[in-house]
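Enquirer:
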Amino acid sequence: MCRSIKTLRPPVLPEEATEEEIRAAALQYVRKVSGFRAPAAHNREVFDRAVEAIAAATAELLDGLEVRGTAQPQRAG
């Protein structure tokens, strides 16, 4: 998998992941899967939609995770 995607949950990340961190991870994932660092103009829309969908799924995942031994605050949004 993409080594530049970091773990975004406690205790690895001591505080709640920011939207920027979640989007950066989603962007790295889409880049890895698509094989494009930056898509051509004709692929930009689908590339951007994928980043947004993966960022949303990541936020939902992080909101739903229960990590034993840590108090997990709910994400606003």
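Going by our numbering, the first residue of the sequence shown is number -8, and it counts up by one from there. Here a beta-carbon is modelled for each residue, glycine too, at the ideal position from N, C-alpha and C.
1. Along the chain, where does the alpha helix (DSSP H) containing Val58 start, and where does it finish?
2. Could you check the C-alpha separation between Val42 and Pro2 for me, to the nearest Å?
3. Just to confirm my understanding: we take Glu12, look at its own chain, exclude 5 residues before and 5 after, and list those with CB closer than 7 Å. What are they?
4. Do Ile45 and Ala17 count as a contact pair if the criterion is CB distance below 8 Å?
5. So, is Val58 buried or exposed, given that buried needs 16 or more other C-beta atoms within 10 angstroms?
Expert: In short:
1. Val58 -> no alpha helix (DSSP H), and no H or E assigned at all.
2. 25 Å
3. Leu(-1)
4. Less than 8 Å divides the Cβ of Ala17 from the Cβ of Ile45.
5. exposed
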